[in-house]
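What follows is one structure encoded as structure tokens, with my remarks underneath.
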Amino acid sequence: MARRLTCPYCYETFTGREISFRCNSRLSRTQKRCVRRRDDVLSDRMGQRGEVGPAFVADGRRATAQCPDCDGETTFRICPVCHSTLPAQFGMLENRMIAMVGSKATGKTVYTTVLLHEMMNRGGSAFGAALVGADDATLQRFNSDYQEHLYREGQLFAGTRPAVTNDNRVDPLVFRFGLRRPGLFRDRPQHTVLSFFDTAGEDFTSRESMELNTRYLMGADGIVLLLDPLQMAGARPLARPGTALPGTAGVDSPYNLVSKVTNLLLTRAGRGRAVRRSGSSRIDTPVAVVFTKLDAFWHMLDKGSPLRAHPPSGDRFDEEDSLSVHEEVRTLLKDWDGVPIDRLLENTYSRYRYFGISALGHTPTEDARVARTGIQPYRVTDPLLWLLSGYGAVPRTGRR
Ligand SMILES: Nc1nc2c(ncn2[C@@H]2O[C@H](COP(=O)(O)OP(=O)(O)OP(=O)(O)O)[C@@H](O)[C@H]2O)c(=O)[nH]1
Ligand SMILES: [Mg+2]
Ligand SMILES: [Zn+2]
Ligand SMILES: [Zn+2]
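Residue numbers for the sequence shown follow my numbering, so the first one is 669 and each next one is one higher.
Dropping the structure here:
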């Protein structure tokens, strides 16, 4: 059976042959030119209403195809389901979908922004990594809606729009990740396509958006599960005085969220791309379980805690450091009434790892702005580097 590919924009799957094309609507060799018009599929599925060349079917395993209307040759390959233009070399590159989930106000949007900003700047360059937007829409949207808002204007975000109020859509940010060190993995592709979905917390409480979430979680090669200790009964009273506390009414507790995600992953087996489960019927999708807003808890950690230190610098993912963070978080879960979370993960997942991060490094001001000291991210790239090292896309060091 042909390998199934997953569209980084809509998460539907198809084979390489099924990839379609879009005419570039330039004057062709035979002096014909296709008219640009709105593409109804692109408009319905992705909300993109601009005028584009016509879509047509040809053998998508090839890099180019000839338009049946104007005879012009085109290199635009598009998803057969949503008609989004696929990243260059799609199907030939590693393609990794990273799903990001968390209850309302856990810090998903802030984290996504700071993580990608770091990967594109400091954090990434220390690693010899390059992360670039895979398409114009991602670049534009990441700059204006995310990066400028937080970094230039210093403003936090309003709650992310739930998919149900957005034509049942979540618009992912799609990036190409690569290492600027050719030869390091001579036998591996140089780039990985990464697709990030920043969902709204409500997406996990409404029934309507469950189908979307199912597709998106099932298609994921890695899950970043954000949990907010400030939403945990045992941790909330321990937060540093002055910390902005999130509301809890109508919000899934971290334990409930982990249960919902787990149930989705378990029940979906058998439909479409089956859940990768090992013999012991554990879920094989790697899950980075990330506790956010750690700045609210630094005051109560021991001086020697790995969660007060920065990860060792270097150009490899440090497995040993990561494992000591993992154990430290597990210990903290005891104080935070989080032992049921640990038990659930331990019993159901074959690959999960705990992380502790702070995207901002401070609690925001009372009027929802970044503190005057600026954004001081803490350990934000650890979860992504762990996932990437699991795919062999970045090297790792230390204990296995
Ligand atoms: N102390 C602290 N607070 C944070 C941090 N990151 C986010 N917050 C707080 O959490 C709030 C929510 O952050 P968002 O990123 O918008 O949360 P979200 O998960 O995207 O929320 P929804 O889109 O509504 O699901 C922010 O407005 C901040 O008050 C952090 O690193 N430290
Ligand atoms: Mg959000
Ligand atoms: Zn044409
Ligand atoms: Zn698609």
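C-beta atoms are modelled at their ideal positions from N, C-alpha and C, and glycine is treated no differently. Only a predicted model underlies this, so the values are computations on that prediction, with no experimental measurement involved.
>> List, from N- to C-terminal side, the beta strand (DSSP E) runs of 3 residues or more that fit wholly inside the region 742-825.
In response: If only uninterrupted beta strand (DSSP E) runs of at least 3 residues are considered, those enclosed by the region 742-825 are 744-746, 762-770, 797-801.
> So the beta strand (DSSP E) I1009 belongs to, where does it begin and stop?
Replying inline: On the sequence shown, residue 1009 is found 341 positions in, with the first residue counted as 1. It is not in any beta strand (DSSP E) - I1009 instead sits in the alpha helix (DSSP H) that spans 1007-1016.
> Pick from S1057, W966, D1005: whose alpha carbon is nearest that of R1021?
Replying inline: For the purposes of this step, residue 1021 is identified with residue 353 of the sequence shown, where counting begins at 1. Of the candidates S1057, W966, D1005, the one whose C-alpha sits nearest the C-alpha of R1021 is S1057.
> Hey, out of D835, V782, L824, whose CA is closest to C678's CA?
Replying inline: What you label residue 678 is simply residue 10 of the sequence shown in a count that begins at 1. Minimum Cα distance to C678 is reached at D835.
> Taking Cβ to Cβ, would you say L925 is nearer than 8 Å to S771?
Replying inline: On the sequence shown, position 257 is the one that residue 925 refers to. On the sequence shown, position 103 is the one that residue 771 refers to. Yes.
> Skipping 5 residues on each side, what residues in its chain have a beta carbon closer than 8 Å to that of I687?
Replying inline: The residue you call residue 687 lines up with position 19 of the sequence shown. Result list for I687: L673, G728, R729, R745, I746, C747, P748, L754, F758, G759, in chain order.
> Could you give the uninterrupted runs of the alpha helix (DSSP H) lying entirely in the region 961-1044, keeping only those of 4 residues or more?
Replying inline: Entirely contained in the region 961-1044, the alpha helix (DSSP H) runs reaching 4 residues are, in chain order, 987-1003, 1007-1016.
> Is DSSP giving D712 helix, strand or coil here?
Replying inline: The residue given as residue 712 occupies position 44 in the sequence shown. Reduced to three states, the DSSP call for D712 is helix.
>> So R984 and P1051 are supposed to be a Cβ contact under 8 Å. How far apart are they, rounded?
In response: Here residue 984 refers to the residue found at position 316 of the sequence shown. Here residue 1051 refers to the residue found at position 383 of the sequence shown. At roughly 16 Å, the Cβ-Cβ gap does not stay under 8 Å, so R984 and P1051 are not in contact.
> Can you tell me whether P1008 is buried or exposed, with buried defined as 16 or more other CB within 10 angstroms of its CB?
Replying inline: For this step, residue 1008 is matched to residue 340 along the sequence shown. The C-beta of P1008 has fewer than 16 other C-beta atoms within 10 Å across all chains shown, which makes the residue exposed.
> A733 by DSSP, collapsed to three states: which one?
Replying inline: Locating residue 733 in the sequence shown gives position 65, counting from the first residue. In the structure shown, the three-state DSSP call for A733 is strand.
> For T911, which residues from the same chain have a beta carbon less than 6 Å from its beta carbon, with the 5 sequence-adjacent residues on both sides left out?
Replying inline: The count along the sequence shown starts at 1 and reaches residue 911 at position 243. Correct list, in chain order: A964, T1031.
>> What does the alpha-carbon distance come out to for the pair G1066 and N692?
In response: In the sequence shown, residue 1066 corresponds to position 398, counting from 1. In the sequence shown, residue 692 corresponds to position 24, counting from 1. In this structure, the alpha-carbon of G1066 lies about 49 Å from that of N692.
>> Spatial neighbours of M968 within its chain, please: C-beta separation below 7 Å, excluding the five flanking residues on both sides.
In response: The residue labelled residue 968 in the question sits at position 300 within the sequence shown. Excluding sequence neighbours, M968 sits near L906.
> If we count the other Cβ atoms within 10 Å of its Cβ and call it buried at 16 or more, is S611 buried or exposed?
Replying inline: Here the chain comprises residues numbered 669 to 1068, so residue 611 is not present and cannot be evaluated.
> Helix, strand or coil: which one does DSSP assign to V919?
Replying inline: Taking the first residue of the sequence shown as position 1, residue 919 is located at position 251. Of the three classes helix, strand and coil, the one that applies to V919 here is coil, per DSSP.
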